[in-house]
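K.L.:
Could you have a look at this structure, given as structure tokens, before my questions?
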Amino acid sequence: MTSLLSNAKSNVDQTCHRAGALLLIFMWLGISVGHAQDSWPQFRGAESRGIGTDSRLPDRWSTTDNVAWRQAIPGRGWSSPVVVKDRVFLTTVINTGESEPPKKGLYFGGDRPEPSPAIHLWKVLCFRLNDGALLWEQTLHEAAPTTPIHLKSSYASETPVSDGERLYVYFGNVGLFCLDLNGQTIWSQQIEPHKMRYGWGTAASPILHDGRLYVIDDNDEQSTLTALDAENGQQIWQVKREEGSNWSTPFVWKNAERTELITLGSQAVRAYDLNGEELWSLRGMSSITIATPYESDGLLFISSGYVGDQQRPLYAIRPGATGDISLQEEETTNEYIVWSEPQGGPYNPTTIVYEGRLYVLYDRGLLACYDAATGRTIYSPQRIPDGRAFTSSPWAYNGKLFCLNEDGKTFVFATGDEFKLLHINELAEDDMGMASPAIVGDRLLVRTAARLYCLQQGAQLKPLAMKLPREIFAEDAPQQLLERGAGEGPAYHPELGVLFSGEGQIQRYDLQGKLQLYRDAAGSNGLLFDQQGRLIVCEPGQRRLTRTDLTTGATEVLSDRFDGMRYNATNDVTVDSRGRIYFSDPQYGPRTDMEMLDESGRAVEGVYRVDVDGSVHRIITHEVDRPNGLEVSADDRYLYVADNNNNSVGGARRLWR
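If you count the sequence shown from 1, position 542 lands on 541 in numbering that gives the first Met the number 0, and the numbers rise without skipping.
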């Protein structure tokens with residue numbers, strides 16, 4: 000049997016191997032290690048239930064209120080964030096060519112028969128939970144996609160999973176990657192691409208249990224379920240499945256009888272033992288399955304609800320089943336099916352059991368409630384006011400149910416026997432919400448199409464330190480602040496005021512309009528404050544780029560050489576939303592002492608990028624005559640470069656993008 004996961008390449012460092020006793024403990028605990036809500040290691044949390052436990056979690060927010068931090072996310076992805084050891088991991092895929100924006104709602108016509116020919120970048124981003132700082136990013140695959148996706152879908156819809164030591168990232172039809180928490184690849188597996196129904200793309204996330212990684216790949220050619228050794232990526236077993244394309248994440252059900260691997264499919268629900276042998280099956284699902292199975296109070300809850308089908312079932316199943324447990328005609332229960340509702344299942348969202356009630360959120364903006372133990376209808380589907388297009392799965396805590404729709408609105412309901420909408424929390428109007436959130440301690444992490452929000456009670460997002468406060472200027476501004484000495488690089492800080500370079504110094508124009516010397520003999524040009532409020536300085540006299548921590552006063556040299564050659568005269572600087580720094584390095588004046596040359600000996604006046612890990616990359620070599628001013632577009636897609644060669648007759652005077 001040929002494995003779907005092939006071409007393994009491993010660079011496992013022996014120092015990464017855990018001590019034997021510790022490994023046994025971790026394997027015994029499985030994915031439950033350290034998951035007392037101080038982490039969120041997989042899709043919908045450690046138990047796949049989507050429930051928070053901290054009484055301090057917020058129930059109200061806006062784009063600034065109760066927002067601890069917010070980060071722009073490049074590219075597109077509908078995977079959920081996962082959190083381990085104060086680190087937030089997120090996947091995304093960046094299309095370097097033209098990209099159609101996703102369209103909200105349920106509709107026909109979003110199929111794309113052919114993939115984009117443009118190069119795409121499959122990435123993992125790592126943020127610090129405390130302040131949202133981008134710690135690292137890793138490009139795991141760079142190529143044109145081999146399979147198409149629906150207009151509304153993404154190439155990063157699968158959520159990673161972590162055992163607390165490593166991060167396992169699955170990009171369907173591309174590959175499976177094991178990283179350490181610092182972003183270094185430990186092993187990887189290439190995935191053989193297969194056709195998906197209507198070219199919709201993939202979405203089922205991997206899961207971990209007892210040192211094994213389980214990956215389901217239901218497609219229109221050859222569906223499989225594969226178990227791999229999480230330590231080295233080697234295949235342990237693989238079973239072929241009768242299913243066509245599906246998008247449901249599997250679930251490890253540890254019940255009173257045994258441990259089972261539960262998978263949903265359009266043909267059947269199937270339970271396997273941990274060796275891949277089928278234990279039981281249940282037919283009667285809809286033709287498309289997306290929701291994730293989960294356990295609550297000893298029962299297994301499964302659902303499917305493709306809107307075009309008559310069969311849209313909900314099931315509650317007790318442990319111990321064997322063989323075919325499908326319901327006969329007119330049956331709603333049997334020995335192992337405690338209760339069922341033949342037309343109660345949702346399409347995209349997974350149901351949730353909270354305080355003994357099962358809540359069903361429907362894509363079209365309806366909410367229903369059942370008694371989880373008996374299936375008794377508490378209230379039938381109720382219309383959510385101003386609600387439409389729900390794809391994200393609901394979550395719950397502190398007596399409230401939260402439902403995020405594609406407009407970025409979260410509808411907050413009181414839990415209980417009454418349908419009661421409490422209020423609506425709105426995020427940015429230009430954004431879109433489809434990913435399910437992560438809950439860690441007193442923080443809620445919500446991913447939208449363009450941003451990642453960290454929500455925390457009492458937090459207040461400060462405005463970006465880019466817009467000058469009106470109190471600096473008279474009402475009839477513009478106003479001349481200085482007659483001379485303000486040559487380059489004005490940068491605003493909300494506490495310091497405006498800093499600028501001139502006559503070899505950095506001057507400060509404070510919020511009260513007072514001019515002060517900030518740094519003497521600085522030899523500076525371009526100035527910038529990064530997202531953490533640190534001062535970045537181009538120092539052309541010293542041919543370097545520096546960064547100063549304003550709280551400690553410590554200054555570090557970010558770069559003074561590239562490929563061993565000193566820079567010409569670092570000039571201007573900008574930063575993108577991910578914290579990457581860009582600086583220009585032209586040479587004005589004498590050129591006799593230039594060291595920066597290409598392989599042919601030609602002088603280079605380039606543009607460079609400093610990544611968050613400190614690595615430096617030259618991104619422009621000879622494409623621009625003499626780069627000067629720089630700016631990154633708000634979506635991080637474009638870098639604008641002012642080309643200003645005023646040292647020669649006919650020199651460039653252009654703006655490049």
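Ideal Cβ positions, reconstructed from N, Cα and C, are used throughout, including at glycine.
Which value, in whole angstroms, describes the spacing of the CA atoms of S187 and G174?
P.N.:
For this step, residue 187 is matched to residue 188 along the sequence shown. For this step, residue 174 is matched to residue 175 along the sequence shown. Approximately 7 Å, taken between the alpha carbons.
K.L.:
At what residue ranges does the stretch 354-399 contain a whole run of the beta strand (DSSP E), taking only runs of 3 or more?
P.N.:
The qualifying runs are 356-361, 365-370, 376-382 and 394-396.
K.L.:
Please name the residue, chosen from P112, T321, Y314 and I383, that lies closest to L357 on a Cα-to-Cα basis.
P.N.:
Stepping through the sequence shown from its first residue, residue 357 is reached at position 358. The candidate whose alpha carbon is nearest that of L357 is Y314.
K.L.:
Grab me the residues of G457's own chain with a C-beta within less than 6 Å of its C-beta, minus the 5 sequence neighbours each way, in chain order.
P.N.:
Taking the sequence shown and counting its residues from 1, the one referred to as residue 457 is at position 458. Here the set comprises nothing.
K.L.:
Starting from the C-beta of L150, find all residues in its chain whose C-beta is less than 7 Å away, skip the five residues before and the five after it, and write them out in chain order.
P.N.:
As a working note, residue 150 is residue 151 in the sequence shown. In its chain, beyond the 5 residues on either side, E99, P101, K102, G109 and R111 have a beta carbon closer than 7 Å to the beta carbon of L150.
K.L.:
If the criterion is Cβ atoms closer than 9 Å, does the pair S435 and F42 meet it?
P.N.:
As a first step, residue 435 must be located in the sequence shown, where it is residue number 436. As a first step, residue 42 must be located in the sequence shown, where it is residue number 43. Their beta carbons are under 9 Å apart, which means S435 touches F42 by this criterion.
K.L.:
Can you find the residues in the same chain that come closer than 7 Å, C-beta to C-beta, to E241, ignoring five residues on each side of it along the sequence?
P.N.:
The count along the sequence shown starts at 1 and reaches residue 241 at position 242. For E241, same chain residues with a beta-carbon under 7 Å away, outside a window of 5 residues either side, are Q266 in chain order.
K.L.:
Go through its chain and collect everything with a Cβ distance to R617's Cβ below 7 Å, but skip five positions before and after it.
P.N.:
The count along the sequence shown starts at 1 and reaches residue 617 at position 618. The residues are F561, G605 and Y607.
K.L.:
Using 10 angstroms around the beta-carbon of Q309, count the other beta-carbons present and answer buried if the total reaches 16, otherwise exposed.
P.N.:
Taking the sequence shown and counting its residues from 1, one reaches residue 309 at position 310. Exposed.
K.L.:
What is the residue span of the beta strand (DSSP E) that T138 lies within?
P.N.:
Residue numbering aside, residue 138 sits at position 139 when the sequence shown is read from its first letter. Element bounds for T138: L133 to A142.
K.L.:
How many Å lie between R257 and D272 at the Cα?
P.N.:
Within the sequence shown, residue 257 is the residue found at index 258, counting from 1. Within the sequence shown, residue 272 is the residue found at index 273, counting from 1. Taking the straight line joining both Cα atoms gives about 8 Å.
K.L.:
For C453 and L278, I'd like the C-alpha separation in whole angstroms.
P.N.:
As a position in the sequence shown, residue 453 is number 454, starting the count at 1. As a position in the sequence shown, residue 278 is number 279, starting the count at 1. So the alpha carbons of these two residues sit roughly 42 Å apart.
K.L.:
Would you check if the stretch 568-583 and the stretch 538-545 touch, i.e. whether three or more CB-CB distances between them fall below 8 Å?
P.N.:
yes
K.L.:
Of all the options S38, D370, S61 and I383, which has the alpha carbon lying nearest to the alpha carbon of G51?
P.N.:
Start at 1 with the first residue of the sequence shown, and residue 51 comes out as number 52. Of the candidates S38, D370, S61 and I383, the residue whose Cα lies closest to the Cα of G51 is S38.
K.L.:
Does DSSP put P468 in a helix, in a strand, or in coil?
P.N.:
Reading the sequence shown from its first residue, position 469 is the one you call residue 468. Only weak support is given to the placement of P468: the predicted model assigns it a pLDDT of 48, under 50, and the question is left unresolved by the model.
K.L.:
Check whether the stretch 377-384 and the stretch 316-333 are in contact - that is, three or more C-beta pairs closer than 8 Å.
P.N.:
no
K.L.:
Just the C-alpha distance for S339 and L421, rounded to the nearest angstrom, thanks.
P.N.:
As a first step, residue 339 is located in the sequence shown; it is residue number 340 there, counting from the start. As a first step, residue 421 is located in the sequence shown; it is residue number 422 there, counting from the start. Roughly 30 Å between the two C-alpha positions.
K.L.:
Where do the ends of the beta strand (DSSP E) carrying D216 lie?
P.N.:
For this step, residue 216 is matched to residue 217 along the sequence shown. Note, D216: beta strand (DSSP E), R211 to D216.
K.L.:
Using a threshold of 9 Å, state whether the C-beta atoms of L460 and R55 are closer than that.
P.N.:
By 1-based counting over the sequence shown, the position of residue 460 is 461. By 1-based counting over the sequence shown, the position of residue 55 is 56. No; because the gap between Cβ atoms is not below 9 Å, this pair is not in contact.
K.L.:
Can you find the residues in the same chain that come closer than 6 Å, C-beta to C-beta, to K399, ignoring five residues on each side of it along the sequence?
P.N.:
Here residue 399 refers to the residue found at position 400 of the sequence shown. Within its own chain, the residues whose Cβ lies closer than 6 Å to the Cβ of K399, once the five positions on either side in sequence are excluded, are D58 and V411, listed in chain order.
K.L.:
Measuring CB atoms only, is the stretch 130-138 touching the stretch 169-183, in the sense that at least three cross pairs come out at less than 8 Å?
P.N.:
The stretch 130-138, when compared against the stretch 169-183, does touch it at the 8 Å Cβ threshold.
K.L.:
What are the uninterrupted segments assigned as beta strand (DSSP E) that are 3 or more residues long and contained completely in the stretch 487-546, given in chain order?
P.N.:
487-492, 496-501, 504-508, 514-518, 526-528 and 534-538
K.L.:
Buried or exposed: V556, going by 16 or more other Cβ atoms within 10 Å of its Cβ?
P.N.:
Sequence index remark: in the sequence shown, residue 556 carries index 557 (1-based). Exposed: under 16 other Cβ atoms inside 10 Å.
K.L.:
Tell me, please, which residues DSSP counts as bridged to I287.
P.N.:
As a position in the sequence shown, residue 287 is number 288, starting the count at 1. None, per the DSSP bridge assignment.
K.L.:
From V66 to P116, what distance separates their C-alpha atoms?
P.N.:
What you label residue 66 is simply residue 67 of the sequence shown in a count that begins at 1. What you label residue 116 is simply residue 117 of the sequence shown in a count that begins at 1. Computed Cα separation, rounded: 38 Å.
K.L.:
What did DSSP end up calling R165 once you bin it into helix, strand or coil?
P.N.:
Residue numbering aside, residue 165 sits at position 166 when the sequence shown is read from its first letter. Correct three-state label for R165: strand.
K.L.:
State yes or no: is the C-beta of D362 within less than 9 Å of the C-beta of P341?
P.N.:
Within the sequence shown, the letter at position 363 stands for residue 362. Within the sequence shown, the letter at position 342 stands for residue 341. Contact flag unset, no.
K.L.:
To the nearest angstrom, how far is it from the Cα of D64 to the Cα of L426?
P.N.:
Taking the sequence shown and counting its residues from 1, one reaches residue 64 at position 65. Taking the sequence shown and counting its residues from 1, one reaches residue 426 at position 427. Each residue's alpha carbon lies about 10 Å from the other.
K.L.:
Under the three-state reduction of DSSP, which class applies to T607: helix, strand or coil?
P.N.:
Here the question's residue 607 lines up with position 608 in the sequence shown. Note that residue 607 corresponds to Tyr in the displayed sequence, not to Thr. Strand at Y607.
K.L.:
In the DSSP assignment, what are the bridge partners of L326?
P.N.:
If you number the sequence shown from 1, residue 326 lands on position 327. None, per the DSSP bridge assignment.
K.L.:
Under three-state DSSP, which class holds G198?
P.N.:
Position 199 of the sequence shown, counting from 1, holds the residue named residue 198. DSSP places G198 in helix when its eight states are reduced to three.
K.L.:
With distances taken from CA atoms, which of G600, I118, Y197 and T158 is nearest S204?
P.N.:
If you number the sequence shown from 1, residue 204 lands on position 205. For the residues G600, I118, Y197 and T158, the minimum Cα distance to S204 belongs to T158.
K.L.:
Where do the N-terminal and C-terminal ends of the beta strand (DSSP E) with A437 fall, by residue?
P.N.:
As a working note, residue 437 is residue 438 in the sequence shown. DSSP places A437 inside the beta strand (DSSP E), whose first and last residues are A437 to V439.
K.L.:
What residue from S152, V306, L366 and E220 has the CA that sits closest to E417's CA?
P.N.:
Reading the sequence shown from its first residue, position 418 is the one you call residue 417. The residue with the shortest Cα to Cα distance from E417 is L366.
K.L.:
Does the Cβ of M595 have 16 or more other Cβ atoms within 10 Å, making it buried, or fewer, making it exposed?
P.N.:
Walking along the sequence shown from the start, residue 595 turns up at place 596. Buried, since its Cβ has 16 or more Cβ neighbours within 10 Å.
K.L.:
By the three-class DSSP mapping on this structure, what secondary structure does I668 have?
P.N.:
Nothing can be reported for residue 668: it is not among the residues displayed for the chain, which extend from 0 to 656.
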